[in-house]
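S.K.: Residue numbers (numbering that gives the first Met the number 0): 0 to 286.
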Amino acid sequence: MSTIKAGYLISYDYEYVKISLSGIYDFVDEIFFAVDRDRKTWSGEDFLINETFWEWINEVDKSNKIKIYEDYFYIPELTPMQCDTRERNMLAKQMGFCDWYLQIDSDEYFLDFETFVRKLKGFHPMVPTTISCRVATIFKKVQSGYLLIDESSETLCFATNHPVYDLAKHNSGNDYVYWNDLVLHQSWAREPEEIYWKLHNWSHRNDFNIQSYYNLWNAVDEFNFFGIKDFHPLGPGAWPKLKMIKANNIDELLKSQEVRLLNHSEKNQFRRKPLTSRLWREIKSSF
0 MSTIKAGYLI SYDYEYVKIS LSGIYDFVDE IFFAVDRDRK TWSGEDFLIN
50 ETFWEWINEV DKSNKIKIYE DYFYIPELTP MQCDTRERNM LAKQMGFCDW
100 YLQIDSDEYF LDFETFVRKL KGFHPMVPTT ISCRVATIFK KVQSGYLLID
150 ESSETLCFAT NHPVYDLAKH NSGNDYVYWN DLVLHQSWAR EPEEIYWKLH
200 NWSHRNDFNI QSYYNLWNAV DEFNFFGIKD FHPLGPGAWP KLKMIKANNI
250 DELLKSQEVR LLNHSEKNQF RRKPLTSRLW REIKSSF
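(1) If you reduce the DSSP assignment to three classes, tell me which class residue 10 lands in.
(2) What does a CB cutoff of less than 6 Å around residue 68 pick up in its chain, not counting 5 residues either side in sequence?
(3) Among residues of its own chain, excluding the 5 on either side of residue 119, which ones have a beta-carbon nearer than 7 Å to its beta-carbon?
(4) Check whether the Cβ atoms of residue 52 and residue 13 lie closer than 7 Å to each other.
(5) First and last residue of the beta strand (DSSP E) that includes residue 128?
(6) In the DSSP assignment, find the unbroken alpha helix (DSSP H) run with residue 40 in it and report its ends.
(7) How many angstroms separate the CA atom of residue 5 from the CA atom of residue 101?
(8) Can you give, in chain order, each stretch of the beta strand (DSSP E) that sits fully within the stretch 14 to 66 and has at least 3 residues?
(9) Along the chain, which unbroken stretches of the alpha helix (DSSP H) at least 4 residues long are found entirely within the stretch 185 to 226?
(10) Would the beta-carbon of residue 114 fall within 7 Å of that of residue 131?
(11) Measuring straight from C-alpha to C-alpha, what distance separates residue 252 and residue 173?
(12) Between residue 104 and the rest of its own chain, which residues show a CB-CB distance below 6 Å, the 5 nearest in sequence each way excluded?
(13) Three-state secondary structure (DSSP) at residue 312?
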């Protein structure tokens, strides 16, 4: 029987983990929350965690699976991306031995995590392996629903049997396997002030003009979204266009028929992908 553990990096957007955790809790053996002891982001900004969050953990952790791991994850001499990678390696060591190590960000929501875990338990590679999955980015909440990236080629890494990270969740020495399981990523569908703050604390904050891109994001709405084409901030190809799905909140979005249809194809298939062919797209989607 395979042992599966999941880790989350808890920071300023900790509230989103409540949605993500509800979809995985019953299917993993242990869950680790990594939290900076000084409550600092990778850019050195301070953040606060409301006491009600810790109360919520005690309420939902019925099987005593959640472990809190506090350490110093901000190092002034390192870049935000280096701090990101360092924290993920420290978290992996804290998780101890298991067959599969999962790292899921707070705003990443599996559509069918039970199926994903069942496939993991039946997959026994003999070499260091990383599993990446298809991602649909939620770009913005508008009056009538949510704008999602349509026809996206994005993937992100989620599971590995050899957690030695060298760039965020990437293990460049591992064999990469792509599974078509869909994960919704609520990276941009937030309040304007949160997007502005997040852009200034993102690992890629120095890689493009964040003020210019914020202005673009802020201007997109349900009346003009169809005119936005090929608009990923770090380069062409990853985000062809937007589509709108009607929903009042994230729970409704996750249960919507349109989103469920996105998750039906190739569900039980996997294929190997060379790292070089997907690395750029995966880096670009890690917001």
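No residue lacks a Cβ here, since even glycine has one placed at the ideal position from N, Cα and C.
M.R.: On the basis of the data shown:
(1) Residue 10: coil per DSSP, three-state reduction.
(2) The residues 31, 33, 93, in chain order, have a CB closer than 6 Å to that of residue 68 in the same chain once the five nearest residues on each side in sequence are set aside.
(3) Sequence-distant Cβ neighbours of residue 119 in its own chain, meaning closer than 7 Å and more than five residues away, are 1, 3, 99, 158.
(4) At a Cβ-Cβ threshold of 7 Å, residue 52 and residue 13 count as neighbours.
(5) Annotation for residue 128: the continuous beta strand (DSSP E) segment containing it runs 128 to 141.
(6) Counting along the chain, residue 40 falls outside any alpha helix (DSSP H), and DSSP gives it neither H nor E.
(7) Those two C-alpha atoms are separated by around 4 Å.
(8) Correct list: 29 to 35.
(9) Fully enclosed alpha helix (DSSP H) runs of 4 or longer: 191 to 198, 209 to 218.
(10) The answer is no: Cβ separation not under 7 Å.
(11) When rounded, the distance between both Cα atoms is 34 Å.
(12) So no residue of the chain qualifies.
(13) Because the chain is modelled from 0 through 286, residue 312 falls outside the range shown and cannot be assessed.
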